[in-house]
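The structure appears right after this line, and notes come after that.
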Amino acid sequence: MMYFLFTPDFAEYGKYTTGMNAEGAAFSIQSFSSKVIGALSSSAALLMLGLFGFISGSDAQTDLAKTGLWLLYSVIPAVGAVLQIVLLGLFYKLRDKDVFIMSQANHGEISIDEAEKQLAGRFIAYHSSTIETEE
1 MMYFLFTPDF
11 AEYGKYTTGM
21 NAEGAAFSIQ
31 SFSSKVIGAL
41 SSSAALLMLG
51 LFGFISGSDA
61 QTDLAKTGLW
71 LLYSVIPAVG
81 AVLQIVLLGL
91 FYKLRDKDVF
101 IMSQANHGEI
111 SIDEAEKQLA
121 GRFIAYHSST
131 IETEE
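Numbers 1 to 135, taken from the UniProt record's numbering, label the letters of the sequence shown in order.
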């Protein structure tokens with residue numbers, strides 16, 4: 001779920017590095033991927049509940065089904081969240097201050113040269129003459 005937080009960053013980065021404003025594409029990809037992830041995760045959860053012997057509508061569940069429910073609703077999401085945080089810490093390189101500088105350059109508040117200097121060459125702008133400024 002954390003990837004929703006980064007879509008605006010991707011849009012600013014994309015405009016800064018390519019010169020094209022593709023916010024609509026970024027947010028439509030986010031919407032589509034959330035639907036695909038929702039469908040796949042729901043299907044996987046139902047499959048795993050079946051494998052654990054869960055019986056829908058039954059007041060009494062087997063110990064294996066109870067263990068399966070506990071794993072599906074507590075342990076697996078916790079492991080996924082920790083894994084997600086570790087992977088983001090290792091591989092996600094856009095920081096808030098960098099995105100803020102890119103946004104300023106994208107909107108004409110600072111020059112591309114100034115942005116390049118502040119970003120210390122970590123991210124290369126497309127071309128200063130091709131980036132559109134919004135008014």
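By construction, the Cβ of each residue, glycine as well, lies at the ideal position given by its N, Cα and C atoms.
Between T7 and A26 the beta-carbon gap is near 5 Å, inside 8 Å, which marks them as a contact. Boundaries of the alpha helix (DSSP H) around T67: 63-70. In the displayed model, A11 falls within a helix according to three-state DSSP. Scanning its chain for C-beta atoms nearer than 7 Å, with the 5 sequence neighbours on each side dropped, one finds around G53 the residues T62, L64, A65, in chain order.
Between the beta-carbon of Y13 and that of L94 there is about 6 Å, and that keeps the pair under the 8 Å contact cut. Here the alpha carbon of D59 sits roughly 37 Å from the alpha carbon of F4. At least 8 Å separates the beta-carbon of G68 from that of L47. In the DSSP annotation of this structure, the continuous segment of the alpha helix (DSSP H) that includes F100 starts and ends at 96-106.
The Cβ atoms of A45 and L72 sit closer than 8 Å to each other. Taking each of A78, F123, V82 in turn and checking the Cα distance to D98, the smallest one comes out for F123.
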